[in-house]
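Novice: So the sequence shown is numbered by the numbering used here: it starts at 380 and just counts up by one.
Just so you know, even glycine gets a beta-carbon here, dropped at the ideal spot from N, CA and C.
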Amino acid sequence: MQFLKVKKLEHDDTHMRITWNDGKVCSYDLLELRKDCPCANCRGGHGTHTTRTTDNIQTIRLLGWKTVGRYALQFTWSDGHDLGMYTMDNLRERCENQ
Ligand SMILES: [Zn+2]
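#1: Going by beta carbon distance, what residues of the same chain come within less than 6 Å of residue 456, once the five residues before and after it are set aside?
#2: Run the CB neighbour count on residue 441, radius 10 Å, all protein chains shown included, and call it buried at 16 or more, exposed below.
#3: Apply the 10 Å Cβ neighbour rule to residue 393 and answer buried if 16 or more other Cβ atoms are within range, or exposed otherwise.
#4: For residue 443 and residue 409, I'd like the C-alpha separation in whole angstroms.
#5: Label residue 402 either buried or exposed according to how many other C-beta atoms from any shown protein chain fall within 10 Å of its C-beta, with 16 as the threshold for buried.
#6: Once the 5 residues before and after residue 407 are set aside, which same chain residues still bring their CB inside 6 Å of it?
#7: Taking 7 Å as the cut-off, is the CB of residue 460 close to at least one heavy atom of ligand 1?
#8: As a quick exercise: from 435, 466 and 384, pick the residue whose alpha carbon is nearest that of residue 418.
#9: Is the CB-CB distance between residue 420 and residue 462 below 8 Å?
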């Protein structure tokens with residue numbers, strides 16, 4: 380089995396597009412991704428809360444990104460946040476479910 384890798388990542392003010400190493404192309408809404416940030420901070424703590432600290436975000440832009448090890452991507456957002464690690468599996472899954 381080959382590892383899922385990002386071959387190409389492009390983005391504009393609202394969306395990002397990932398071309399995977401197996402040729403599949405996925406498009407993501409930046410705001411949606413930002414709101415779904417998987418870090419503990421954004422999830423609002425220890426799972427007992429239903430509100431997220433990202434609920435109030437209205438607009439977001441992507442300033443940068445990097446890969447973390449083999450398995451995740453880390454994004455730098457225009458609100459200064461860069462803690463969330465989005466696993467490639469999760470990103471790919473999102474895309475398959477669109
Ligand atoms: Zn976060």
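Specialist: Taking the structure as given:
#1: For residue 456, where only same-chain residues beyond five positions count, the Cβ hits under 6 Å are 413 and 439.
#2: A residue is called buried when at least 16 other Cβ atoms come within 10 angstroms of its Cβ; residue 441 meets this threshold and is buried.
#3: By the neighbour-count rule (16 or more Cβ atoms within 10 Å), residue 393 is not buried but exposed.
#4: The straight-line gap from Cα to Cα measures roughly 12 Å.
#5: The C-beta of residue 402 has fewer than 16 other C-beta atoms within 10 Å across all chains shown, which makes the residue exposed.
#6: For residue 407, where only same-chain residues beyond five positions count, the Cβ hits under 6 Å are 395.
#7: In this structure, the C-beta of residue 460 approaches ligand 1 to less than 7 Å from one of its heavy atoms.
#8: Of the candidates 435, 466 and 384, the one whose C-alpha sits nearest the C-alpha of residue 418 is 466.
#9: A contact, by the Cβ cut-off of 8 Å.
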